[in-house]
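Peer 1: Sequence positions in the sequence shown follow this note's numbering and run 58 to 660.
Before I ask anything, here is the structure I am working with.
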Amino acid sequence: MRILCSIMSVVFFIALSFSAVAQEISVRASVTEATVPVGEPFEYIIEVQGSVGVESIQLGRLSGVEKRGESQSTSVSIVNGKISQSRVIAYTLVASTEGKLTIPAATVKVDGKTYQTNAVEITVTKAAARAQNNGSPGSNTYPDLVFIKPVVSKTKLYVGEATTVIYKLYERADVTNVVVEKDAKPEGFWVEEIDLQQGRSSVPHTTEFLNGVLYRVYTVKKMILFPTRAGTLTNGAYKLNCDALLTKIKQQRGRTLLEDFDSFFGSLGKKVKIDVVAPEIKFEVMPLPEPKPEGFTGAVGKFALNATLDKTKVKAGQPIAFTFTITGEGNIRSITPIPLTLPSEFETYEPKVQENISRQGGIISGTKTIEYVAIPRAGGKFDVGSVSFSFFDPEKGEYKTLSSPRFEIEVEGEAGLTAAVPMAERQAVTKMGSDIRFIKTNADLKYRPTPVYQSIWFYSSFLVPLLALLFVWMRKQRQEKMEHDVAFARAYRASPEAKKQLKTASDLLKQNKQKEFFAEIEHAILKFIGNKFNTDDLALTKDELRSLLQEKGVAPTITEKCLRILEKSEYYRYAPASETKDDLNAIFSDAEMIISELSKPKK
58 MRILCSIMSV VFFIALSFSA VAQEISVRAS VTEATVPVGE PFEYIIEVQG
108 SVGVESIQLG RLSGVEKRGE SQSTSVSIVN GKISQSRVIA YTLVASTEGK
158 LTIPAATVKV DGKTYQTNAV EITVTKAAAR AQNNGSPGSN TYPDLVFIKP
208 VVSKTKLYVG EATTVIYKLY ERADVTNVVV EKDAKPEGFW VEEIDLQQGR
258 SSVPHTTEFL NGVLYRVYTV KKMILFPTRA GTLTNGAYKL NCDALLTKIK
308 QQRGRTLLED FDSFFGSLGK KVKIDVVAPE IKFEVMPLPE PKPEGFTGAV
358 GKFALNATLD KTKVKAGQPI AFTFTITGEG NIRSITPIPL TLPSEFETYE
408 PKVQENISRQ GGIISGTKTI EYVAIPRAGG KFDVGSVSFS FFDPEKGEYK
458 TLSSPRFEIE VEGEAGLTAA VPMAERQAVT KMGSDIRFIK TNADLKYRPT
508 PVYQSIWFYS SFLVPLLALL FVWMRKQRQE KMEHDVAFAR AYRASPEAKK
558 QLKTASDLLK QNKQKEFFAE IEHAILKFIG NKFNTDDLAL TKDELRSLLQ
608 EKGVAPTITE KCLRILEKSE YYRYAPASET KDDLNAIFSD AEMIISELSK
658 PKK
């Protein structure tokens, strides 16, 4: 297993290295706020895309701006086998003078090459007055930090013309638990929803600068609207609820803000509830112009018509099929079947309609196929006139009419009546012993085994996956706790690490390296106590160590034995050892016993 892990690690880092070579490196600078008051901290961010090998950063001369702090974060992601790397360095700056200031380009050395960022301009205003905030953060709104921006392809259009509405969520922080509180339900529109990937975390995001500020952008909703009536229409309200991380650093400034890409500073803040509402959009819908062509049924868009006849020469009583295919862009679903008029000698059935709709690229397109089946009941030559289909082209603002070719059909003979099938003569029931599944009169009763659904294996097939899910959930809970709870993580790793050190001490004892043996024993016990009780100060006096163990409820006998071993270990590290082999083995056994006793949970 270790060999496999080592091989996988080597392969990963080789792939990472090749990716770093192939990936283009770009460096850019931005600020969290383009306008800041005097004395208020803001973040100046340098983002390196394509590599994490940042060797040095030389900021330009900051005139009128003071540097207060610095933080860094590295990101490596693998999407569809492609590795992307980036490093973000965030500087906390404070402006001291009013007016427009320019933060000059910074020089960044990446993988042995030198790059320069762009210069960034900010506007510094008068110091903001500090107002007391008695309300809860969750009741406030943060329109400059988390907001929805609807993007519309057109707001002035004709009845039946398509317009695309995309709702984009802009955020400058770690936003989670995004829930749709009120979905947009436009009235007066035919709505086609465009399916997105489930869950915001699975949707790829982009980055975008607005007013000099860098945002993460997610597409949270996409729909295509076809107005069904003229007048002024709206898209309806769209509202989201989400959790956002407010940082303590920003709260101390007198106004609560979210950090840019707050995952770097998340451990310093707390989550609040935020309501995000998209502004309504007004559409000016124009009626279709008059006069409308004859046979127009309301189709709007760009279309083509194709008409085919499967046979032009048939016998009376045999079916023939007329197929009309409409292809193009527009509301394919709203197109009604093209009427087909045939001579009275033809019996016509209801048309069979099939649709193939595509929403690729946010455009509704596809085909609608209308198939008429008809049966000629008399012989002769018949002329079927062309069929017309009219639609309105909104780009040109005019109607267009498409016509199919004329069809000539030659029918041979007269349609005859179908011959009647003669009735079979009634016969008596004959008992047969060779028929399929014949009745057996002398069959023996046999034992039927327990049905599968009543067996223990059947129920186990349900129970095992549930237990597996429970195991995965518990493992994930423990992993999350270890990532966020330092004390728990240290205590969890204390015993395994101590056992490894004791194994090393045992090897040293076998090699008769007594000084190294005592040093390893001392280090194992002190490190175990530090991890177990989450303390980093291991340079404790004898009395302080005794007080710590008593405070943690350790038995006095264990405490005294621990102190004696530490005293001996410290002494023999610097003085000649005079202990016998049996004494050393006893000391090792006592160290094992101490770590074992301290590892036991409290009763």
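Ideal Cβ positions, reconstructed from N, Cα and C, are used throughout, including at glycine.
#1: State the start and end residues of the unbroken alpha helix (DSSP H) segment that holds Glu-573.
#2: Could you compute how far the alpha carbon of Lys-166 sits from the alpha carbon of Ile-338?
#3: What is the DSSP secondary structure of Asn-642, counted as helix, strand or coil?
#4: Work out the CA separation of Pro-94 and Ile-651 for me, nearest whole Å.
#5: In the DSSP output, what is Pro-284 paired with across the bridge?
#6: Alpha carbon to alpha carbon, what distance is there between Glu-649 and Val-105?
#7: Can you say whether Gln-189 is buried or exposed, counting buried as having 16 or more other CB atoms within 10 angstroms of its CB?
#8: Would you mind stating whether Thr-154 and Gly-121 have Cβ atoms separated by less than 7 Å?
#9: Here's the rule: buried if 16 or more other CB atoms are within 10 angstroms of the residue's CB, otherwise exposed. What is Met-531?
#10: Mapping the DSSP letters down to three states, classify Gln-568 as helix, strand or coil.
#11: Can you tell me which of the three DSSP states Gly-442 falls into?
#12: Take Thr-289 as the anchor and find which of Tyr-549, Lys-213 and Ile-513 has the nearest alpha-carbon.
#13: Among the residues of its own chain, which have a CB less than 6 Å from the CB of Asn-588, if the five just before and after it don't count?
#14: In this structure, how does DSSP classify Lys-296 when only helix, strand and coil are distinguished?
#15: Please go through the region 357 to 400 and give each complete beta strand (DSSP E) segment of 3 or more residues, from N-terminal end onward.
#16: Flag this pair as touching only if the region 397 to 407 and the region 226 to 236 have three or more C-beta atom pairs under 8 Å; answer yes or no.
#17: Excluding the 5 residues flanking Asp-367 on each side, which residues of the same chain have their C-beta closer than 7 Å to its C-beta?
#18: With a Cβ-Cβ cutoff of 7 Å, do Glu-265 and Tyr-272 count as a contact?
#19: Taking all protein chains shown into account, decide if Thr-158 is buried (16 or more other Cβ within 10 angstroms of its Cβ) or exposed.
#20: If you draw a straight line from the C-alpha of Asn-175 to the C-alpha of Tyr-227, how long is it?
#21: Leu-267: which of Arg-621, Lys-372, Leu-202 and Phe-283 sits nearest, CA to CA?
#22: When DSSP builds the beta bridges, which residues end up paired with Leu-253?
#23: Going by DSSP, name the residue or residues bridged to Glu-123.
#24: Starting from Arg-603, follow the alpha helix (DSSP H) in both directions and report where the run begins and ends.
#25: How many Å lie between Val-334 and Leu-399 at the Cα?
#26: Pair every Cβ in the region 602 to 611 with every Cβ in the region 563 to 573, then say whether three or more of these pairs are closer than 8 Å.
#27: If you compare alpha carbons, which of Pro-98, Ser-143, Glu-100 and Arg-118 is closest to Gly-110?
#28: Might you give, ordered along the chain, the residues of its own chain that have their beta carbon closer than 7 Å to the beta carbon of Ser-653, omitting 5 neighbours on each side?
#29: State the Cα-Cα distance for the pair Phe-353 and Glu-81, rounded to the nearest angstrom.
#30: Hey, could you find the ends of the beta strand (DSSP E) Val-109 is sitting in?
#31: Look up Glu-482 in the DSSP assignment and say whether it is helix, strand or coil.
#32: Indicate the three-state DSSP secondary structure (helix, strand or coil) for Asp-332 in the structure shown.
#33: Count the other CB atoms within 10 Å of the CB of Ala-356; is the residue buried (16 or more) or exposed (fewer)?
#34: Looking at the strands, I want to know which residues DSSP matches up with Val-270.
#35: Determine the DSSP secondary structure at Ser-460, reduced to helix, strand or coil.
#36: In the DSSP assignment, the beta strand (DSSP E) including Pro-207 goes from what residue to what residue?
Peer 2: Let's see:
#1: Locating residue 573 in the sequence shown gives position 516, where the first residue counts as 1. Glu-573: member of the alpha helix (DSSP H) spanning 571 to 589, first to last residue.
#2: The residue you call residue 166 lines up with position 109 of the sequence shown. The residue you call residue 338 lines up with position 281 of the sequence shown. Going from the Cα of Lys-166 to the Cα of Ile-338 covers about 47 Å.
#3: The sequence position of residue 642 within the sequence shown is 585, counting from 1. Here Asn-642 sits in helix by DSSP.
#4: What you label residue 651 is simply residue 594 of the sequence shown in a count that begins at 1. What you label residue 94 is simply residue 37 of the sequence shown in a count that begins at 1. Separation of Ile-651 and Pro-94 (C-alpha to C-alpha, rounded to the nearest whole angstrom) is 59 Å.
#5: On the sequence shown, position 227 is the one that residue 284 refers to. According to the DSSP secondary-structure assignment, Pro-284 is paired through a beta bridge with Phe-246.
#6: Indexing the sequence shown from 1 puts residue 105 at position 48. Indexing the sequence shown from 1 puts residue 649 at position 592. Straight-line Cα distance between these residues: approximately 50 Å.
#7: Against the sequence shown, residue 189 aligns to sequence position 132. Note that Gln-189 scores a pLDDT of 38, beneath 50, so its modelled location is shaky and nothing firm can be said.
#8: Residue mapping note: residue 154 aligns to position 97 of the sequence shown, counting from 1. Residue mapping note: residue 121 aligns to position 64 of the sequence shown, counting from 1. Yes, the Cβ-Cβ distance between Thr-154 and Gly-121 is below 7 Å.
#9: Mapped onto the sequence shown, residue 531 falls at position 474. Counting Cβ neighbours within 10 Å, Met-531 comes out exposed, since fewer than 16 surround it.
#10: Working through the sequence shown from its first residue, we reach residue 568 at position 511. Coil.
#11: Counted from its first residue, the sequence shown places residue 442 at position 385. It is coil, neither helix nor strand.
#12: Position 232 of the sequence shown holds residue 289. Checked all of Tyr-549, Lys-213 and Ile-513; the closest Cα to Thr-289 is Lys-213.
#13: Your numbering for residue 588 matches position 531 in the sequence shown. Apart from the 5 residues on each side of it in sequence, Asn-588 sits with its Cβ closer than 6 Å to the Cβ of Arg-547 and Ala-551 in its chain, given in chain order.
#14: As a working mapping, residue 296 is identified with position 239 in the sequence shown. Correct three-state label for Lys-296: strand.
#15: Qualifying beta strand (DSSP E) stretches, in chain order: 358 to 366, 370 to 372 and 377 to 387.
#16: Not touching, per the Cβ criterion.
#17: Locating residue 367 in the sequence shown gives position 310, counting from the first residue. Excluding residues within five positions, the ones whose Cβ falls inside 7 Å are Ile-377 and Ala-378.
#18: Here residue 265 refers to the residue found at position 208 of the sequence shown. Here residue 272 refers to the residue found at position 215 of the sequence shown. Contact: yes.
#19: Here residue 158 refers to the residue found at position 101 when the sequence shown is read from its first residue. Checking the sequence, you will find Leu at residue 158 rather than Thr. Residue burial is scored here from C-beta neighbours: Leu-158 has at least 16 other C-beta atoms within 10 angstroms and is therefore classed as buried.
#20: On the sequence shown, position 118 is the one that residue 175 refers to. On the sequence shown, position 170 is the one that residue 227 refers to. Distance between the alpha carbons of Asn-175 and Tyr-227: 23 Å.
#21: Counted from its first residue, the sequence shown places residue 267 at position 210. Closest by C-alpha distance to Leu-267, out of Arg-621, Lys-372, Leu-202 and Phe-283, is Leu-202.
#22: The residue given as residue 253 occupies position 196 in the sequence shown. Looking at the DSSP output, Leu-253 shares a beta bridge with no other residue.
#23: Within the sequence shown, the letter at position 66 stands for residue 123. Glu-123 is bridged by DSSP to Val-151.
#24: For the purposes of this step, residue 603 is identified with residue 546 of the sequence shown, where counting begins at 1. Counting along the chain, the alpha helix (DSSP H) containing Arg-603 begins and ends at 599 to 608.
#25: What you label residue 334 is simply residue 277 of the sequence shown in a count that begins at 1. What you label residue 399 is simply residue 342 of the sequence shown in a count that begins at 1. Those two C-alpha atoms are separated by around 57 Å.
#26: Flag = no, the region 602 to 611 and the region 563 to 573 do not touch.
#27: As a working note, residue 110 is residue 53 in the sequence shown. Taking each of Pro-98, Ser-143, Glu-100 and Arg-118 in turn and checking the Cα distance to Gly-110, the smallest one comes out for Ser-143.
#28: Your numbering for residue 653 matches position 596 in the sequence shown. Cβ neighbours of Ser-653 beyond the five flanking positions: none.
#29: Taking the first residue of the sequence shown as 1, we reach residue 353 at position 296. Taking the first residue of the sequence shown as 1, we reach residue 81 at position 24. When rounded, the distance between both Cα atoms is 55 Å.
#30: Stepping through the sequence shown from its first residue, residue 109 is reached at position 52. Neither: Val-109 is in no beta strand (DSSP E) and is coded neither H nor E.
#31: Taking the first residue of the sequence shown as 1, we reach residue 482 at position 425. Low local confidence applies: a pLDDT of 43 at Glu-482 is under 50, so the model's placement there is unreliable, and no value is given.
#32: Within the sequence shown, the letter at position 275 stands for residue 332. Note: Asp-332 maps to strand in three-state DSSP.
#33: For the purposes of this step, residue 356 is identified with residue 299 of the sequence shown, where counting begins at 1. In summary, Ala-356 is buried, with 16 or more beta-carbon neighbours lying within 10 Å of its beta-carbon over all protein chains present.
#34: If you number the sequence shown from 1, residue 270 lands on position 213. Beta-bridge partners of Val-270 (DSSP): Val-88 and Leu-267.
#35: One-based indexing of the sequence shown puts residue 460 at position 403. Strand at Ser-460.
#36: The residue you call residue 207 lines up with position 150 of the sequence shown. Annotation: the continuous beta strand (DSSP E) that includes Pro-207 extends over 203 to 209.
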